[in-house]
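In my numbering, the protein residues as written are 3 to 356.
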């Protein structure tokens, strides 16, 4: 999470956002490195085609007015306008929302990707602690909603090659208005991401997920030691490329799946296939993945033109194949979505229902 009011950008004292720690369990020990890497990278990404419902817990925008809400809506629309397969729907009932947005306190922060589902149902998943109507505020809205889509902090990318002047960083962030303790500063700045968690192979200083830093906090590379890192205020080309890789545009109609028809799943890590199911009779069915692969799959029912979640299974890191046992009703329309983490062994994965 990031948006910073930075002396470099001319906004005065730095005010950094913070990223909520993941509540997700670590992959099972003993997995092959490539398999573990795929699970870590994809684990907090949404199934493509997900409709993320969001609500505002405070319609006054923290007392700062409706412009705060409009800035968040605009940030979500900026992501959507890239043609991604995710959609966003504002709802009034917090119990209907995966993403719950508040405007309290002094900090801006968000859970990352599907980690929002692990936050208590009455708690905010995302918070904005300052005005979002200026250039830095709009960047903050883009940054926090980037976390919701699954982006981590770019300056913690192990490929950045950043060597911090750690004690200066701890001292700077301990001062007002941040007043962070060492643990918080380490988690959000000093700590390097596990290389297994990083999708790209390069560092993007222009990413909206980057913090601005004044000169003096970074030892190496020399460029950042002497120049610092300026405030990113918009989505970079790399941001756009990555989100489009994770969530490509959806096909208009998913392929119709017949009972006992075995269909292959994409061979590449992160590949997703969507299938339509229209049962000919009402009864209990099984929808299952097959092969040496880690797969997450979810079943939805189309109700009044909208997909409503029914059930899901995620077999990643386990010695089993995912399976959904569920009653389906004659003539109703369902969609099953399956995303591959990784294929191992024979490297083949398929899906069938019966």
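All C-beta atoms, glycine included, are put in the ideal place defined by N, C-alpha and C.
What you are looking at is a predicted structure, and each value in this text was computed from that prediction instead of being measured.
Taking residue i as the reference, give the member of the options with the closest Cα.
{"i": "residue 54", "options": "185, 78, 265, 141", "result": "78"}
{"i": "residue 163", "options": "125, 206, 137, 126", "result": "206"}
{"i": "residue 152", "options": "126, 177, 131, 119", "result": "119"}
{"i": "residue 284", "options": "310, 329, 103", "result": "329"}
{"i": "residue 65", "options": "272, 143, 266, 132", "result": "132"}
{"i": "residue 301", "options": "288, 294, 59", "result": "288"}
{"i": "residue 138", "options": "334, 213, 117", "result": "213"}
{"i": "residue 107", "options": "181, 332, 148, 115", "result": "181"}
{"i": "residue 331", "options": "197, 280, 44, 173", "result": "280"}
{"i": "residue 171", "options": "142, 93, 220", "result": "220"}
{"i": "residue 321", "options": "311, 344, 294, 303", "result": "294"}
{"i": "residue 312", "options": "52, 200, 41", "result": "52"}
{"i": "residue 194", "options": "297, 160, 179", "result": "160"}
{"i": "residue 276", "options": "352, 61, 105", "result": "352"}
{"i": "residue 179", "options": "109, 113, 228, 225", "result": "109"}
{"i": "residue 298", "options": "127, 129, 267, 245", "result": "267"}
{"i": "residue 258", "options": "239, 218, 354", "result": "354"}
{"i": "residue 327", "options": "296, 310, 105, 286", "result": "286"}
{"i": "residue 46", "options": "123, 63, 154, 62", "result": "154"}
By the DSSP assignment, the beta strand (DSSP E) with residue i in it spans what residues?
{"i": "residue 313", "result": "308-316"}
{"i": "residue 92", "result": "89-92"}
{"i": "residue 342", "result": "336-345"}
Could you have a look at residue i and say whether DSSP puts it in helix, strand or coil?
{"i": "residue 151", "result": "helix"}
{"i": "residue 103", "result": "strand"}
{"i": "residue 180", "result": "coil"}
{"i": "residue 350", "result": "coil"}
{"i": "residue 329", "result": "strand"}
{"i": "residue 111", "result": "strand"}
{"i": "residue 128", "result": "strand"}
{"i": "residue 320", "result": "coil"}
{"i": "residue 239", "result": "helix"}
{"i": "residue 356", "result": "coil"}
Return no unless some Cβ of chain B is closer than 7 Å to the Cβ of residue i.
{"i": "residue 219", "result": "In summary, chain B is missing from the structure at hand, where a single protein chain is found."}
Just reading off the alpha helix (DSSP H) that residue i is part of, what are its end residues?
{"i": "residue 175", "result": "168-176"}
For residue i, count the other beta carbons within 10 Å of its own beta carbon; 16 or more makes it buried, fewer makes it exposed. Which is it?
{"i": "residue 307", "result": "exposed"}
{"i": "residue 341", "result": "buried"}
{"i": "residue 177", "result": "exposed"}
{"i": "residue 236", "result": "exposed"}
{"i": "residue 87", "result": "buried"}
{"i": "residue 12", "result": "Confidence at residue 12 is low in this model, with a pLDDT of 25, below 50, so its placement is unreliable and no value can be given for it."}
{"i": "residue 115", "result": "buried"}
{"i": "residue 291", "result": "buried"}
{"i": "residue 158", "result": "buried"}
Which ranges does the beta strand (DSSP E) cover as unbroken runs of at least 3 residues, wholly within the stretch 248-310, from first to last along the chain?
-> Fully enclosed beta strand (DSSP E) runs of 3 or longer: 274-279, 285-293, 295-305.
Note down, one range per segment and in chain order, each beta strand (DSSP E) of at least 3 residues found wholly within the stretch 25-98.
-> 53-58, 89-92
4-residue-minimum alpha helix (DSSP H) runs that sit fully inside the stretch 198-237, ordered along the chain | 224-229
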